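The numbers in the sequence shown follow UniProt numbering, run straight up by one, and end at 111.
Input: a single structure, listed below in structure tokens.
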Amino acid sequence: NVGLDHSEVNPNTCVINSQGMWLTYALGIGLLHIVLLSILFFSVPLAWTLTNIIIHNLGMYVFLHAVKGTPFETPDQGKARLLTHWEQMDYGVQISPIIPSILAIFRYKEV
Numbered sequence: 001n002v003g004l005d006h007s008e009v010n011p012n013t014c015v016i017n018s019q020g021m022w023l024t025y026a027l028g029i030g031l032l033h034i035v036l037l038s039i040l041f042f043s044v045p046l047a048w049t050l051t052n053i054i055i056h057n058l059g060m061y062v063f064l065h066a067v068k069g070t071p072f073e074t075p076d077q078g079k080a081r082l083l084t085h086w087e088q089m090d091y092g093v094q095i096s097p098i099i100p101s102i103l104a105i106f107r108y109k110e111v
């Protein structure tokens, strides 16, 4: 396959650890929250609730646990198409340093 010259057999295994991913992730959540705050009839607590519980958690559940396969054409002979993104992260290692980072969520406490 022409144009598929990358060092990873499956790029899904290392995309979470790639350079700039965590900054992009945090900026994306911040942008989502700002967009929700710009809706006039949303209060700040409602915007945080929608950001954290509804949109972020539901989106991450679908992305990590429901969608199988990979958006890349991989030379692994179809092994990745039967696995979710969660199962592909860190080459299938169950307990890795990245998992606690993913499980951490942004919280807002009203004083």
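A virtual CB, placed ideally from N, CA and C, is assigned to each residue, including glycine.
Quick caveat: nothing in here was measured; it's all calculated off a predicted structure.
- Contact annotation, N10 with Q88: C-beta distance approximately 6 angstroms; criterion of less than 8 angstroms satisfied.
- The region 32-44 and the region 15-23 do not touch, with fewer than three beta-carbon pairs separated by less than 8 angstroms.
- L32 and A26 have their C-alpha atoms some 10 angstroms from each other.
- In the three-state reduction of the DSSP assignment, T84 falls in the strand class, which pools E and B.
- About 6 angstroms separates the beta carbon of L82 from that of K68, a gap short enough to meet the 8 angstroms contact definition.
- With 16 or more other Cβ atoms inside 10 Å of its own Cβ, A80 counts as buried.
- Exclusion of the five residues before and after F72 leaves P11 as the residues of its chain whose Cβ lies within less than 6 angstroms of its Cβ.
- Between W86 and W48, the alpha-carbon positions lie close to 25 angstroms from each other.
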